Every structure is written in C-alpha cells, then in structure tokens.
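The block underneath contains the structure these notes are about, expressed in structure tokens.
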Amino acid sequence: MASVRALNDQVPVAIVVLGTGAVDTARRIQARYPGSLVHGLASRVQGDVTFTELGLHLRELYARNTPIVALCAAGIVIRCLASAVGDKTHEPPVLAVAEDGSAVVPLLGGLGGVNVMAREIAAALDVAPAITTSGELRFGTCLLNPPAGYVLADIEHGKRFVSDLLAGATTRIEGHAPWLDAADLPRAADAGLAIRITPHTSEVAGELMIHPRCAVVCVTVLPSAGSIVERVRESLREQRIAPMALAAVLAPLSMMTSGLLAEAAQVLDVPLRFGTLRADFVMLESLDDGVTIALAPQPLDPSTLGQARGTLTVIGLGPGSADLMVPAARSALSLADDVLGYETYVRMAGPFAPHQVLHCTDNREEMQRARHAFELASTGRNVVVVSSGDPGVFAMAAAVLEALDQARDNALWNAVELQVVPGVSAALATAARAGAPLGHDFCMLSLSDNLKPWGVIETRLRHAAQADLVMAFYNPVSRARPWQLDRALDIVREYRSAETLIVLGRNIGRPGETLTTTTLDKLRSSQVDMRTMVIVGSSTTRSFPRTDGNGDWVYTPRWYE
Ligand code: SAH
0 MASVRALNDQ VPVAIVVLGT GAVDTARRIQ ARYPGSLVHG LASRVQGDVT
50 FTELGLHLRE LYARNTPIVA LCAAGIVIRC LASAVGDKTH EPPVLAVAED
100 GSAVVPLLGG LGGVNVMARE IAAALDVAPA ITTSGELRFG TCLLNPPAGY
150 VLADIEHGKR FVSDLLAGAT TRIEGHAPWL DAADLPRAAD AGLAIRITPH
200 TSEVAGELMI HPRCAVVCVT VLPSAGSIVE RVRESLREQR IAPMALAAVL
250 APLSMMTSGL LAEAAQVLDV PLRFGTLRAD FVMLESLDDG VTIALAPQPL
300 DPSTLGQARG TLTVIGLGPG SADLMVPAAR SALSLADDVL GYETYVRMAG
350 PFAPHQVLHC TDNREEMQRA RHAFELASTG RNVVVVSSGD PGVFAMAAAV
400 LEALDQARDN ALWNAVELQV VPGVSAALAT AARAGAPLGH DFCMLSLSDN
450 LKPWGVIETR LRHAAQADLV MAFYNPVSRA RPWQLDRALD IVREYRSAET
500 LIVLGRNIGR PGETLTTTTL DKLRSSQVDM RTMVIVGSST TRSFPRTDGN
550 GDWVYTPRWY E
C-alpha cells in the first residue's frame with residue numbers, strides 16, 4: 000500500500016498512559032509519530048503532559064480533534080468518550096492499544112484515518128492491527144478515506160459506492176489517484192461505476208468523487224462592499240470548482256494585517272497565506288479582478304505557499320510550578336515554532352516537541368532577544384518569548400514593545416500578530432502563600448539600579464514608605480548589587496515601626512520553596528537573595544498563627560482607620 004497518512008498530519012498525536020507498565024509501548028509509538036506527546040495520569044506516571052481525570056481529558060482531546068492513542072482497555076475509552084461522540088465526518092482517530100503492545104484496536108475516526116494509524120502503530124509494534132471495516136478489509140485501503148490532500152465529496156454516496164463494489168460491481172478510475180494503484184479494486188475499463196479525481200463539481204450518477212485540494216483563492220483587492228466569502232463562493236461556482244477542493248487563500252504581504260481576510264479564511268476553513276503564486280499554477284479566468292482562482296497541478300501543501308502571518312506571543316510562566324501557569328500561556332507554547340528566553344525560563348517552559356526550536360540567551364540580552372523574536376515571527380513563524388511571573392512586570396513584554404516602537408517603519412515587524420499573555424507575578428504568588436499581605440493599596444518596586452539611577456529608587460522608596468503602601472521588592476539584591484537592600488531598608492525604617500511585618504518568599508512555586516515571616520527590626524539582608532521576593536507590610540498589616548502550626552497568616556485588612 001502507498002504511504003497514506005492520516006488527514007491529521009499536522010496535529011500531534013496524544014498517547015495516553017495510565018500506568019508505568021505502558022510507558023515502554025507509549026515511547027515506541029511516540030517514536031513513530033514525531034511531535035506526539037505522552038499524556039500521563041498525574042498520580043501514577045511521568046508523561047510529557049499530565050492530566051488528572053481521564054474522562055475529562057479524553058473528551059477534551061476529542062473535542063480538539065487530537066488523534067488519541069490510549070494505552071488501556073477499549074471499554075474504558077468507549078465509556079469515557081460515549082457522551083462526546085458525534086458527527087463521524089468531524090472526529091479524530093481514536094485507538095486503544097494494549098499496555099504491552101500486543102493489540103492495536105481502531106475505535107473511532109474511520110474518516111480521519113484511524114485504520115491507517117492502526118496499521119502504522121501495529122507495524123511499529125510488530126503485531127497485526129484489529130481492522131474491522133469491511134470495505135477496508137476487502138480493498139486493502141479505505142476508499143472513503145483518501146490520503147492527506149484529497150477529500151471525499153459525499154460520504155453517504157461513498158458508502159453506497161463501496162456496497163456496490165462489495166456486491167460485485169466493477170469500477171474505472173478517472174484522474175490521478177496514485178494511492179489506489181496498490182489497492183485491490185475490481186477494476187474494468189468499461190465499468191459503469193467510476194472513481195473520479197477532480198477539483199471540479201460534477202453531477203454524474205455512479206461516480207465516486209474525490210477532490211484534490213489544489214485550488215487557491217487569490218485575493219488582490221479587498222472588496223469595498225459585500226463579503227469576501229461571498230465573492231469567493233461566487234468565483235468557485237462560476238468556475239465549477241468544488242469548495243472542498245479549496246486549499247488556501249492567498250493574498251499579498253501588504254494585506255497581512257487585514258482582519259476581514261483572516262475572518263474570511265476562517266469561515267472558508269482554509270489557511271490564509273501571503274506572497275505570490277508559483278509559476279506552475281493555472282489561473283482560471285475571472286470576471287472579478289480582486290478575487291481569482293488558481294489551480295495547482297497536484298494537491299497543495301499550504302505551508303509551501305508564501306508564508307503565514309507570523310505571531311509573537313509574550314508569555315509569563317508564573318513563579319515556577321506548572322499549575323500556576325495560565326492555560327493561554329500553555330496553549331501558546333504548544334503552538335510555538337520558536338521559544339526565546341533566558342535559559343532557566345525556557346527550560347521551565349518545557350517539555351517541547353522535537354520540531355520546536357529553542358533560543359536560549361543570557362538574561363541581560365533583552366533588546367537583542369526582542370528583535371530576534373520579531374525577525375523570526377516576520378517570516379511567518381509562531382514565536383513565543385518567555386518571562387518568569389508576569390511578562391509585563393520587570394520582564395520581556397516592555398522590551399518587546401520597545402523594540403517594535405523603535406521599528407515603526409518596519410512593515411514586516413508591524414504585520415506580526417503580537418499578543419501579551421499575563422502570568423502570576425512573584426509578588427502575587429508570594430502574597431498568596433502568606434495569606435493576603437497585598438489586601439490593601441500596594442506598590443511593586445525593583446531595587447535594581449541596572450536600568451535606572453539609584454536616586455530614583457530612593458525617592459520612590461521614600462514616597463511609598465511615607466504613603467504607608469505595602470511594598471513588594473523585586474530584584475532585591477544580587478552579587479553585583481550587594482549594598483542596595485540595606486540602604487533601602489534604612490530608608491523604610493525612617494517611616495515604619497520596628498514591628499512592621501515582612502514576608503520573604505524564596506523560590507516560590509519552585510523546588511526548595513521557603514516562606515519566612517519576620518519584622519522590620521529583625522530583617523537582615525543576608526536572609527535575602529536574587530530569588531527572593533520581599534514584601535514590606537504597611538502600618539495595618541497584621542498576622543495570627545495558623546492552626547496547622549505552619550507559622551502565621553499575614554494579611555492587610557481592606558479597611559483603613
Ligand atoms: N516578571 C517576574 C519578575 C522578574 S524580576 C514576575 O512577574 O515575577 C526577578 C525578581 O522577581 C527576582 O529577583 C525575585 O525578586 C522575584 N522572583 C521571581 N520569581 C520568583 C519566585 N519564584 N519566588 C520568589 N521571587 C521571585
């Protein structure tokens with residue numbers, strides 16, 4: 000059989016594992032599908048991704064159209080997915096594989112290529128797949144599941160066609176269908192039935208229509224009235240091109256920021272690409288100069304056509320532990336082609352798929368990193384820049400915006416889809432561990448005089464101390480800045496009493512986390528390092544013992560006397 004891949008070529012396979020006994024088999028399957036991730040049940044097994052509730056997790060993957068290989072009993076998968084199973088033309092392949100790799104059972108997603116995957120996995124595990132589809136058994140390939148780049152026009156019609164063949168009818172093949180060469184079909188040159196491979200629409204009875212996805216809509220002028228989608232549909236009708244044969248919308252680079260185009264491509268459910276057509280496309284004649292259809296000689300891989308609009312997403316990882324990272328940051332990471340950041344943070348952002356490129360740099364090279372991010376994103380890549388905590392708090396978001404502000408005349412950088420995803424900042428994470436010391440007015444100050452004069456820091460400290468704000472100190476000390484914290488505390492002591500509560504959070508959300516509550520008179524700078532968050536209470540910040548004996552709860556009441 001020809002190498003027929005699932006329609007879901009782009010989507011990483013989720014290999015779901017419930018216990019350590021299945022890990023070996025899971026890794027063998029993972030090696031077969033580069034980019035796939037092992038999803039492990041949190042309490043039992045270490046995966047690339049963890050989950051806590053199997054049913055919920057499987058339904059989520061299914062809803063996102065992620066191919067699922069579950070290393071457990073078929074019955075478990077069936078029970079978990081039963082309530083979610085819907086339209087079979089829109090579902091991912093779902094397979095159950097025995098923990099020890101001795102059985103491979105395709106369950107759902109016949110039209111998404113589940114039998115193809117079953118064969119691939121079975122070959123990798125050196126067993127026979129449990130294929131149960133009758134048309135498939137007989138013809139060696141599923142006519143109803145053409146390979147990537149081709150789509151079946153009408154599934155109901157297709158089923159009747161396969162029944163006719165099973166009942167003894169013969170067929171011709173009209174058009175180019177290389178994957179059928181190896182299939183054991185009852186062919187006859189004069190057959191009444193035909194399998195027709197064409198991007199055109201046709202109403203001939205007794206034909207199984209398969210459309211190669213080779214049509215591209217070229218939009219060169221945005222319509223001043225009416226919708227782009229309507230214009231595209233009209234052009235397709237005019238040229239008798241099946242909407243299913245559409246592979247992409249192509250527009251000039253200058254239209255990259257058009258929201259209308261993005262929306263239209265989304266409605267048409269095809270990728271939006273920017274650039275020019277290759278010479279081997281045939282332009283179809285059009286009444287409309289702004290919207291033209293072109294046909295590629297073969298099914299088109301849209302990623303080879305021009306470029307996508309690149310994205311640059313600046314994310315915060317939170318203080319460290321995965322459960323304190325916001326889901327939007329996790330999802331940006333999973334879509335990233337490139338990840339840039341200080342090496343420690345990039346490592347914290349993993350695990351990564353093999354195709355993802357990591358660019359680790361020194362913590363001080365922020366502007367250079369920001370520019371590099373725009374360079375990469377402007378070629379159409381999905382780029383993520385990582386910071387710890389929140390990216391907008393003494394971190395990369397401001398550097399990225401500064402780089403863009405300095406390049407206002409750079410059309411390519413300005414066409415990048417830029418987004419900032421917030422994160423849990425160290426002050427908030429530390430405060431939550433301690434209770435609620437930031438429960439009333441507070442300020443965040445960086446004690447680093449690398450990028451601002453020490454005089455400015457002193458003035459702000461004085462004003463904040465005088466205003467009785469709770470203060471969160473970022474970058475309190477470093478080897479290169481040994482005296483600054485003591486000087487800052489001297490200033491605070493001029494305005495706050497000796498009993499003022501101090502919270503020290505060190506490595507919050509990371510291995511070796513510690514939380515210390517002390518008072519202003521007892522605080523020594525030797526208790527603080529660059530991984531520490533210092534929260535200085537106001538005159539109203541108070542504390543009381545926890546019942547579990549783990550120190551005190553610290554809070555600042557919401558009211559003021
Ligand atoms: N963008 C980050 C702050 C970067 S500045 C954020 O929003 O949290 C770096 C300083 O943040 C460190 O010197 C330390 O004071 C503080 N910090 C960062 N992560 C921390 C953590 N996990 N625990 C305690 N303090 C942390």
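Numbering follows numbering that gives the first Met the number 0, with no gaps: position 12 of the sequence shown is 11.
Note that CB positions come from ideal geometry on N, CA and C, so glycine has one too.
Just so it is clear, the structure is predicted and the values come from calculations on it, not from any experiment.
Tell me which residue opens and which closes the alpha helix (DSSP H) that F160 is part of.
Here the question's residue 160 lines up with position 161 in the sequence shown. Element bounds for F160: I154 to L165.
Opposing strand residues paired with H210 [DSSP bridges]
Numbered from its first residue, the sequence shown carries residue 210 at position 211. BP columns for H210 point to V150.
From L17 to D86, what does the alpha carbon distance come to, in whole angstroms?
As a working note, residue 17 is residue 18 in the sequence shown. As a working note, residue 86 is residue 87 in the sequence shown. Straight-line measurement puts the Cα of D86 at about 28 Å from the Cα of L17.
Is the closest heavy atom of the ligand SAH to the C-beta of Y341 under 7 Å?
Taking the sequence shown and counting its residues from 1, one reaches residue 341 at position 342. Checking every heavy atom of the ligand SAH against the Cβ of Y341, none is found closer than 7 Å.
Who does S477 pair with in a DSSP beta bridge?
Sequence index remark: in the sequence shown, residue 477 carries index 478 (1-based). Answer is R480.
Looking at the ligand SAH, does it come within less than 7 Å of M532, judged from the CB to the closest heavy atom?
For the purposes of this step, residue 532 is taken as the residue at position 533 of the sequence shown. Because some heavy atom of the ligand SAH lies under 7 Å away, the Cβ of M532 counts as near it: yes.
Evaluate E206 with the Cβ neighbour count: other Cβ atoms within 10 Å of its Cβ, from every protein chain shown; 16 or more gives buried, anything less gives exposed.
Position 207 of the sequence shown, counted from the start, is the residue given in the question as residue 206. Buried, since its Cβ has 16 or more Cβ neighbours within 10 Å.
Taking C-beta to C-beta, are V476 and V527 nearer than 8 Å?
Here residue 476 corresponds to residue number 477 of the sequence shown, with the count starting at 1. Here residue 527 corresponds to residue number 528 of the sequence shown, with the count starting at 1. The answer is yes: Cβ separation under 8 Å.
Specify the secondary structure class of C242 as computed by DSSP and reduced to three states.
For the purposes of this step, residue 242 is taken as the residue at position 243 of the sequence shown. It should be noted that the sequence gives Pro, not Cys, for residue 242. In the structure shown, P242 sits in a helix (DSSP, three-state: H, G or I).
Whole-angstrom C-beta distance between T513 and R505, which should lie under 8 Å:
Walking along the sequence shown from the start, residue 505 turns up at place 506. Walking along the sequence shown from the start, residue 513 turns up at place 514. Indeed, because the Cβ distance is near 5 Å, the residues count as touching under 8 Å.
Touch test, the region 394–402 against the region 362–369, Cβ-Cβ under 8 Å, three pairs minimum:
yes
Is R212 a contact residue of the ligand SAH, with contact defined as CB to any heavy atom under 7 Å?
In the sequence shown, the residue the question calls residue 212 occupies position 213. Result no, Cβ not under 7 Å from the ligand SAH.
Identity of the residues DSSP links to C359 by a beta bridge
Within the sequence shown, residue 359 is the residue found at index 360, counting from 1. According to DSSP, which records beta bridges pairwise, C359 is partnered with G340.
According to DSSP, what are the bridge partners of P350?
On the sequence shown, position 351 is the one that residue 350 refers to. Residue pairing from DSSP leaves P350 without any beta-bridge partner.
Consult DSSP for T458 and reduce its assignment to one of helix, strand or coil.
Looking up residue 458 in the sequence shown gives position 459. DSSP, reduced to helix, strand and coil, places T458 within a helical segment of the structure shown.
Please return the same chain residues whose Cβ sits closer than 7 Å to the Cβ of V3, not counting the five positions on each side in sequence.
In the sequence shown, counting from the first residue as 1, residue 3 sits at position 4. Note that V3 scores 29 on pLDDT, short of 50, meaning its location in the model is unreliable and no value can be drawn from it.
Rounded C-alpha distance that separates P350 from Q29
Your numbering for residue 350 matches position 351 in the sequence shown. Your numbering for residue 29 matches position 30 in the sequence shown. In a straight line, the C-alpha of P350 is about 14 Å away from that of Q29.
Would the C-beta of P475 count as close to the ligand SAH, meaning under 7 Å from any of its heavy atoms?
The count along the sequence shown starts at 1 and reaches residue 475 at position 476. Yes, the beta carbon of P475 sits closer than 7 Å to at least one heavy atom of the ligand SAH.
My understanding is that V345 touches A369, with C-beta atoms under 8 Å, so please give their C-beta distance in whole angstroms.
For the purposes of this step, residue 345 is identified with residue 346 of the sequence shown, where counting begins at 1. For the purposes of this step, residue 369 is identified with residue 370 of the sequence shown, where counting begins at 1. With a Cβ gap of about 15 Å, V345 and A369 do not count as contacting.
Simplified DSSP assignment, three categories, for G54:
Along the sequence shown, one-based indexing puts residue 54 at 55. Helix, per DSSP.
Touch test, the region 403–411 against the region 433–446, Cβ-Cβ under 8 Å, three pairs minimum
Flag = no, the region 403–411 and the region 433–446 do not touch.
Residue range of the alpha helix (DSSP H) that M116 falls in?
Stepping through the sequence shown from its first residue, residue 116 is reached at position 117. Counting along the chain, the unbroken alpha helix (DSSP H) around M116 starts and ends at V113 to L124.
What is the DSSP secondary structure of C71, counted as helix, strand or coil?
Position 72 of the sequence shown, counted from the first residue, corresponds to residue 71. Three-state result, C71: coil.
Could you name the residues of the same chain whose beta carbon sits closer than 6 Å to that of L339, not counting the 5 residues immediately before and after it, in chain order?
In the sequence shown, counting from the first residue as 1, residue 339 sits at position 340. The residues are H358, R368, A372 and V384.
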